[in-house]
Amino acid sequence: MFIDSNIFWFLMGMLFVLVVAGFRGYAKDRGWILSWWKAALGIVWYAIFLLSFYAWGTLTGENEGEAGFKILLLGLFICLISGVGLWRLMAKKQ
Amino acid sequence: MTETSDKGISRRNILKLAGIAGVAIQAGGLVAAGKRAGKSSESYTGWESFNPGTQFFDRKPFEFAGPAHEPVGEVRRPSHTTDYVFGRVRNFQQTLRRHPDWKLGDPIENLEFIPELEAFYKEYPERLEWDYRTFTETIPTHYEDSRKYGNYYLLASAYEAGFSTHGGMLRRPSAPPEVSDFPNPNPMMGPARGPIPFKSPELAAEFVKEMAHRYGATLVGITKTTPNWLYSEGWRGCPADYDFSKMPAHWEYAIVIGIPMEWDVVLSNPQFGTSVDAYDRVSTAAIRLEGMIKFLGYPARSHTPLTDYDLIVPPHAVEAGLGEVGRTGFCITPEAGGNCRMAVVTTNLPLNTDNPINYGVARFCNKCKLCAQSCPSGAISLADSPDGLVIRGYEHWYINNGACYNYWQETMGPMGCRLCVATCPYSRKDNWIHEMARKIDPRDPTGAVSSGLLQIQKHLFPYPDVDDYHRPPLGRFASFRPEPPYLEAEKYLDIPITKPGK
Numbered sequence: 133m134f135i136d137s138n139i140f141w142f143l144m145g146m147l148f149v150l151v152v153a154g155f156r157g158y159a160k161d162r163g164w165i166l167s168w169w170k171a172a173l174g175i176v177w178y179a180i181f182l183l184s185f186y187a188w189g190t191l192t193g194e195n196e197g198e199a200g201f202k203i204l205l206l207g208l209f210i211c212l213i214s215g216v217g218l219w220r221l222m223a224k225k226q
Numbered sequence: 003m004t005e006t007s008d009k010g011i012s013r014r015n016i017l018k019l020a021g022i023a024g025v026a027i028q029a030g031g032l033v034a035a036g037k038r039a040g041k042s043s044e045s046y047t048g049w050e051s052f053n054p055g056t057q058f059f060d061r062k063p064f065e066f067a068g069p070a071h072e073p074v075g076e077v078r079r080p081s082h083t084t085d086y087v088f089g090r091v092r093n094f095q096q097t098l099r100r101h102p103d104w105k106l107g108d109p110i111e112n113l114e115f116i117p118e119l120e121a122f123y124k125e126y127p128e129r130l131e132w133d134y135r136t137f138t139e140t141i142p143t144h145y146e147d148s149r150k151y152g153n154y155y156l157l158a159s160a161y162e163a164g165f166s167t168h169g170g171m172l173r174r175p176s177a178p179p180e181v182s183d184f185p186n187p188n189p190m191m192g193p194a195r196g197p198i199p200f201k202s203p204e205l206a207a208e209f210v211k212e213m214a215h216r217y218g219a220t221l222v223g224i225t226k227t228t229p230n231w232l233y234s235e236g237w238r239g240c241p242a243d244y245d246f247s248k249m250p251a252h253w254e255y256a257i258v259i260g261i262p263m264e265w266d267v268v269l270s271n272p273q274f275g276t277s278v279d280a281y282d283r284v285s286t287a288a289i290r291l292e293g294m295i296k297f298l299g300y301p302a303r304s305h306t307p308l309t310d311y312d313l314i315v316p317p318h319a320v321e322a323g324l325g326e327v328g329r330t331g332f333c334i335t336p337e338a339g340g341n342c343r344m345a346v347v348t349t350n351l352p353l354n355t356d357n358p359i360n361y362g363v364a365r366f367c368n369k370c371k372l373c374a375q376s377c378p379s380g381a382i383s384l385a386d387s388p389d390g391l392v393i394r395g396y397e398h399w400y401i402n403n404g405a406c407y408n409y410w411q412e413t414m415g416p417m418g419c420r421l422c423v424a425t426c427p428y429s430r431k432d433n434w435i436h437e438m439a440r441k442i443d444p445r446d447p448t449g450a451v452s453s454g455l456l457q458i459q460k461h462l463f464p465y466p467d468v469d470d471y472h473r474p475p476l477g478r479f480a481s482f483r484p485e486p487p488y489l490e491a492e493k494y495l496d497i498p499i500t501k502p503g504k
């Protein structure tokens with residue numbers, strides 16, 4: 133099956149590169165200086181964002197869809213709160 | 003400055019749009035990949051798999067020298083007549099038939115129990131109440147419920163029957179250990195050979211474990227057999243006047259093996275689950291192991307759920323490093339949690355033994371209590387710790403098996419409950435979410451990870467109300483999770499079916 137294949141994960145990796153490139157373009161437009169620690173924090177934030185979806189899918193797959201959806205909402209809530217803080221950090225001039 | 007394409011959109015804007023699309027596709031892709039991971043047959047730890055990779059938890063960092071059990075008082079060996087619930091209730095039922103007018107509150111002496119049973123009931127009076135209730139209330143009511151709702155659970159019972167049929171073919175020892183455990187001459191292969199020496203106990207243990215996995219065992223560990231955990235009477239194949247006071251010398255080592263029940267079925271307990279799937283498989287694997295050891299010229303005896311035991315398994319499993327004692331009194335393993343049915347093969351083949359492990363179950367069980375809060379019979383203690391809970395000279399969690407057995411007789415479908423297995427947060431399949439918890443939690447000395455995971459488990463995962471597990475009108479014969487589609491009688495059977503409801 134495609135989803136089990138290495139090609140799927142290769143494509144996900146390519147998409148990640150695309151997302152990073154798009155984010156860099158966005159940061160340039162806003163005049164943000166992306167230091168290494170800002171980039172690292174951004175990757176952690178994005179990992180939590182994606183893991184929330186991955187967890188939802190996994191729990192749905194093992195017939196725990198209700199809990200999975202609540203965990204997705206919890207993950208997105210955490211992303212929303214931390215995203216606001218991250219946004220302010222990104223805008224810092226160092 | 004941004005470069006502009008022919009159509010007037012800047013390259014950077016194209017990249018930004020592609021990035022946004024990438025986020026959406028990645029999120030969607032991960033939902034689909036997650037769904038696949040959750041369903042994957044590879045996540046069904048040990049179920050119908052025959053390979054050594056099923057014992058995937060690295061126990062080394064959590065080992066300690068042991069023993070895991072130290073007596074805190076006078077030790078009494080377990081009894082088939084009193085402690086073993088099937089033996090006790092059989093005795094109780096026979097006694098009650100002889101004294102049908104006896105009521106709770108009447109003098110216990112009027113029942114003319116055998117002395118051991120009378121002493122047991124005086125020590126644990128609540129068990130007498132539960133055993134009485136089982137035969138005077140629960141079983142008669144269950145007959146009515148079965149007539150009314152039985153068809154709804156018919157396929158679950160049919161599923162169990164397949165395993166039971168095979169289990170019935172497994173051979174029990176028919177002579178005392180000194181005879182039946184020793185290799186018999188095989189007419190096809192000539193006289194029995196003497197013990198074939200191994201190069202070392204380490205290599206012997208390695209070989210035995212490899213074979214155990216290949217015979218179907220998900221988990222295997224080795225320890226020395228503890229005489230205190232042998233039944234005090236009634237060993238298979240032994241006459242009543244057999245000397246049960248001494249452990250046969252050739253029972254020196256206990257090879258403990260474990261196999262989980264089917265994962266989807268176990269979550270549909272207490273109404274649709276069965277123990278017999280794993281009973282059959284673990285009994286079969288143990289008998290295969292016994293045969294292999296005998297072939298090499300060593301005595302061996304398997305102690306299994308379907309051919310009975312001459313010893314109790316959970317403490318041996320704990321000493322063999324398979325897991326820790328949980329609130330339910332049985333062995334909670336890292337790979338399968340409480341979803342693990344076990345058997346033992348005793349032998350004198352010199353083997354390297356394993357160390358017990360401490361990977362955080364004791365601490366977790368003290369704060370979790372999900373099994374106790376879900377238990378319809380209240381058989382599991384809600385205490386904050388097992389301090390003071392002493393059974394037969396050892397301090398650890400144990401359950402009221404009279405209350406437990408009473409609810410077994412109330413459930414529909416195959417007999418039993420197993421709700422404590424289904425609700426235990428350790429009893430989970432092997433996908434990345436549970437793997438992460440298995441790896442991180444035991445290495446967290448603060449307990450913060452397990453506390454956080456426990457809050458998620460308690461507040462985000464649905465738990466039916468405890469009364470819902472009971473018969474109508476109090477309950478609705480609820481299951482922890484719906485039955486798997488292949489056990490839905492309404493889908494397959496052309497018969498009148500009544501679904502229970504409040």
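Protein sequence lines correspond, in order, to chains A and B. The numbering used here puts the first residue of the first sequence at 133, with every later residue one more than the last. The numbering used here puts the first residue of the second sequence at 3, with every later residue one more than the last. Glycine included, every Cβ here is placed at the ideal spot set by N, Cα and C.
>> Relative to the C-alpha of Pro54(B), which candidate in His144(B), Ala242(B) and Ala214(B) has its C-alpha closest?
In response: By one-based count along the second sequence, residue 54(B) stands at place 52. Among His144(B), Ala242(B) and Ala214(B), the Cα nearest to that of Pro54(B) is on Ala214(B).
>> Please report the straight-line C-alpha distance between Met3(B) and Pro447(B), rounded to a whole angstrom.
In response: As a first step, residue 3(B) must be located in the second sequence, where it is residue number 1. As a first step, residue 447(B) must be located in the second sequence, where it is residue number 445. Confidence at Met3(B) is low in this model, with a pLDDT of 40, below 50, so the placement of that residue is unreliable and no value is reported for it.
> With a Cβ-Cβ cutoff of 8 Å, do Val87(B) and Tyr396(B) count as a contact?
Replying inline: Walking along the second sequence from the start, residue 87(B) turns up at place 85. Walking along the second sequence from the start, residue 396(B) turns up at place 394. Taking 8 Å as the Cβ cut-off, Val87(B) and Tyr396(B) do not qualify as a contacting pair.
> Relative to the C-alpha of Ile180(A), which residue among Ala159(A), Leu206(A) and Glu196(A) is closest?
Replying inline: Counting from one through the first sequence, the residue named residue 180(A) turns up at place 48. Among Ala159(A), Leu206(A) and Glu196(A), the Cα nearest to that of Ile180(A) is on Leu206(A).
> Leaving out the 5 sequence neighbours to the left and right, which residues in its chain are closer than 6 Å to Lys501(B) when beta-carbon positions are compared?
Replying inline: The count along the second sequence starts at 1 and reaches residue 501(B) at position 499. Correct list, in chain order: Tyr154.
> With 16 other CB atoms within 10 Å as the buried threshold, where does Tyr488(B) fall?
Replying inline: Counting from one through the second sequence, the residue named residue 488(B) turns up at place 486. Result: exposed.
> With contact counted as at least three CB pairs below 8 Å, one residue from each stretch, are the region 56-65 of chain B and the region 276-283 of chain B in contact?
Replying inline: no
>> Give the list of continuous beta strand (DSSP E) stretches no shorter than 3 residues that lie fully inside the region 188-258 of chain B.
In response: DSSP runs (the beta strand (DSSP E)) wholly in the region 188-258 of chain B: 221-226.
> Is the shortest distance between the beta-carbon of Arg445(B) and the beta-carbons of chain A less than 8 Å?
Replying inline: Taking the first residue of the second sequence as 1, we reach residue 445(B) at position 443. For Arg445(B), the answer is no, since every Cβ of chain A falls outside 8 Å of its Cβ.
> How many Å lie between Asn230(B) and Arg78(B) at the Cα?
Replying inline: Locating residue 230(B) in the second sequence gives position 228, where the first residue counts as 1. Locating residue 78(B) in the second sequence gives position 76, where the first residue counts as 1. Straight-line measurement puts the Cα of Arg78(B) at about 7 Å from the Cα of Asn230(B).
> Roughly how many angstroms lie between the CA atoms of Phe142(A) and Val149(A), to the nearest whole one?
Replying inline: Along the first sequence, read from residue 1 onward, the residue named residue 142(A) stands at position 10. Along the first sequence, read from residue 1 onward, the residue named residue 149(A) stands at position 17. In a straight line, the C-alpha of Phe142(A) is about 11 Å away from that of Val149(A).
> Using 8 Å as the limit for Cβ to Cβ distance, is Ile22(B) near chain A?
Replying inline: In the second sequence, residue 22(B) corresponds to position 20, counting from 1. Chain A, which has a Cβ nearer than 8 Å to the Cβ of Ile22(B), makes this yes.
> Going by alpha carbons, who is nearest to Pro486(B) out of Glu204(B), Asp266(B), Arg445(B) and Leu291(B)?
Replying inline: Locating residue 486(B) in the second sequence gives position 484, where the first residue counts as 1. Out of Glu204(B), Asp266(B), Arg445(B) and Leu291(B), Asp266(B) has the C-alpha closest to the C-alpha of Pro486(B).
>> Once DSSP output is grouped into helix, strand and coil, what is the label at Gly339(B)?
In response: Here residue 339(B) corresponds to residue number 337 of the second sequence, with the count starting at 1. Looking at Gly339(B) - three-state DSSP - the assignment turns out to be strand.
> From this set, Ser429(B), Leu106(B) and Met414(B), which residue's C-alpha is nearest Ser481(B)'s C-alpha?
Replying inline: For the purposes of this step, residue 481(B) is taken as the residue at position 479 of the second sequence. Per the Cα distances, Met414(B).
> Counting only beta-carbon atoms, is Gly217(A) nearer than 8 Å to chain B?
Replying inline: Here residue 217(A) is taken as the residue at index 85 of the first sequence, counted from 1. It does not; no Cβ of chain B falls within 8 Å.
>> I'd like to know if Ile180(A) contacts chain B, where contact means its C-beta is closer than 8 Å to some C-beta of that chain.
In response: The residue labelled residue 180(A) in the question sits at position 48 within the first sequence. No, because no Cβ of chain B sits closer than 8 Å to the Cβ of Ile180(A).
> Between Leu157(B) and Tyr494(B), is the Cβ-Cβ spacing less than 8 Å?
Replying inline: The sequence position of residue 157(B) within the second sequence is 155, counting from 1. The sequence position of residue 494(B) within the second sequence is 492, counting from 1. Tyr494(B) sits close to Leu157(B), with the two beta carbons spaced by under 8 Å.
> At a CB-CB cut-off below 8 Å, which residues of chain B make contact with Gly157(A)?
Replying inline: Start at 1 with the first residue of the first sequence, and residue 157(A) comes out as number 25. Here the neighbours are Arg14, Asn15, Leu17, Lys18 and Gly21.
> Which residue or residues does DSSP assign as beta-bridge partners of Glu120(B)?
Replying inline: Residue mapping note: residue 120(B) aligns to position 118 of the second sequence, counting from 1. The partner list for Glu120(B) (beta bridge, DSSP) is empty, contrary to what the question assumes.
>> Could you pull the DSSP bridge partners for Thr84(B) from this structure?
In response: Indexing the second sequence from 1 puts residue 84(B) at position 82. The partner list for Thr84(B) (beta bridge, DSSP) is empty, contrary to what the question assumes.
> Which residues bound the beta strand (DSSP E) around Arg303(B)?
Replying inline: Indexing the second sequence from 1 puts residue 303(B) at position 301. It spans Ala302 to His305 - the beta strand (DSSP E) in which Arg303(B) sits, taken as one unbroken run.
> By the 10 Å Cβ neighbour count, where 16 or more other Cβ atoms means buried, how is Ile497(B) classified, buried or exposed?
Replying inline: By one-based count along the second sequence, residue 497(B) stands at place 495. The residue is exposed, with fewer than 16 neighbouring Cβ atoms inside 10 Å.
>> Classify Arg220(A): buried if its beta carbon has 16 or more other beta carbons within 10 angstroms, exposed otherwise.
In response: Numbered from 1 along the first sequence, position 88 holds the residue referred to as residue 220(A). Looking at its Cβ environment, which holds fewer than 16 other Cβ atoms inside 10 Å, Arg220(A) is exposed.
> At a CB-CB cut-off below 9 Å, which residues of chain A make contact with Gly36(B)?
Replying inline: Here residue 36(B) is taken as the residue at index 34 of the second sequence, counted from 1. Chain A residues near Gly36(B): Phe185, Tyr186, Ala187, Trp188, Gly189, Thr190, Leu191, Thr192, Gly193 and Gly200.
> To the nearest angstrom, how far is it from the Cα of Gly169(B) to the Cα of Val346(B)?
Replying inline: Sequence index remark: in the second sequence, residue 169(B) carries index 167 (1-based). Sequence index remark: in the second sequence, residue 346(B) carries index 344 (1-based). Going by the C-alpha atoms only, they are around 16 Å apart.
>> Am I right that Arg343(B) and Gly218(B) are in contact with their C-beta atoms under 8 Å? What's the rounded C-beta distance?
In response: Position 341 of the second sequence, counting from 1, holds the residue named residue 343(B). Position 216 of the second sequence, counting from 1, holds the residue named residue 218(B). Wrong, their Cβ atoms sit about 12 Å apart, outside the cutoff.
> So which residues of chain A does Ile435(B) contact, with C-beta pairs closer than 8 Å?
Replying inline: Position 433 of the second sequence, counted from the start, is the residue given in the question as residue 435(B). The contacting residues are Ala187, Thr190 and Leu191.
> What's the gap between the Cα of Pro262(B) and the Cα of Val151(A)?
Replying inline: For the purposes of this step, residue 262(B) is taken as residue 260 along the second sequence, with counting starting at 1. For the purposes of this step, residue 151(A) is taken as residue 19 along the first sequence, with counting starting at 1. Answer to the nearest angstrom: the Cα atoms are 43 Å apart.
> Going along chain A, which residues have a C-beta under 7 Å from Leu32(B)?
Replying inline: Within the second sequence, the letter at position 30 stands for residue 32(B). In chain order: Leu182, Phe185, Tyr186 and Gly189.
> Between the beta-carbon of Phe479(B) and the beta-carbon of Tyr151(B), is there less than 8 Å?
Replying inline: In the second sequence, the residue the question calls residue 479(B) occupies position 477. In the second sequence, the residue the question calls residue 151(B) occupies position 149. In contact: Phe479(B) and Tyr151(B) (Cβ atoms closer than 8 Å).
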